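Everything on this sheet refers to the single structure shown next.
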Amino acid sequence: MKTIYTQVSRTFLGFTFLTCVFGSCTVPDHYRVDSCSQISAMLAGCSGGYQLFVTINTTTNDPIGAVPAADAPAVLDPNEISSAGDDCLYKGNKIAPSKEATSLIITKPTFQYQYKCAPKVR
């Protein structure tokens with residue numbers, strides 16, 4: 735009798751473990767900022783606009799200096815956000831929130847541009 739309970743317990747624990755490993759125990763979606771409408775809301779909710787904070791070379795993972803104005807806009811426009819499958823795009827480049835959802839990252843083939851909320855200009 736004890737052997738049957740042990741086998742049932744192992745099976746249940748194994749099933750629970752595998753279920754959690756393959757996604758059913760992940761963080762609920764409402765804690766993530768991962769849709770284009772939510773990115774647009776982040777942009778609109780920052781009254782000073784999002785401005786370039788840092789540029790990262792994706793091949794070396796090193797931060798580099800300022801970006802020419804023609805390559806990265808000074809302020810991001812929420813109307814420029816579009817959807818492409820599971821990705822959100824800003825002027826054709828992938829845009830996603832940072833892990834802590836305090837900044838936005840635009841990814842190009844060799845660079846990432848990180849934007850943070852700018853102080854409101856009076």
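Position 55 (the sequence shown) corresponds to 789 in the working numbering; numbering is contiguous.
For every residue, glycine included, the Cβ atom is placed at its ideal position computed from N, Cα and C.
Since we're looking at a predicted model, the values are computed, not measured.
Secondary structure at residue i, three-state DSSP: helix, strand or coil?
| i | result |
| --- | --- |
| L777 | helix |
| T836 | coil |
Return the bridge partner residues of residue i from the DSSP annotation.
| i | result |
| --- | --- |
| K828 | L823 and T841 |
| I790 | P797 and Q846 |
| Q785 | K850 |
| A818 | D821 |
Give me the residue from the options with the minimum Cα distance to residue i.
| i | options | result |
| --- | --- | --- |
| A818 | Q846, N827 and Y784 | N827 |
| P812 | Q846, T737 and L838 | L838 |
| Q772 | P797, Y847 and S832 | S832 |
| G779 | D820, Y847, T740 and L810 | L810 |
| E814 | Q741, T737 and A775 | A775 |
| Q846 | N795, C770, L777 and R744 | N795 |
| S816 | K842, E834 and C770 | C770 |
| E834 | K842, Q848, D821 and C822 | Q848 |
| T836 | D821, C822, L777 and I738 | L777 |
Tell me, to the nearest whole angstrom, how far the beta carbon of residue i is from that of residue j; I am working on the premise that it is less than 8 Å.
| i | j | result |
| --- | --- | --- |
| S781 | K854 | 5 Å |
| T793 | T844 | 6 Å |
| A852 | Y784 | 7 Å |
| I840 | Y824 | 6 Å |
Should residue i be counted as a contact of the ligand ZN given a C-beta to heavy atom distance under 7 Å?
| i | result |
| --- | --- |
| L786 | In the structure shown, the ligand ZN is absent, as is every other ligand, since no ligand is present at all. |
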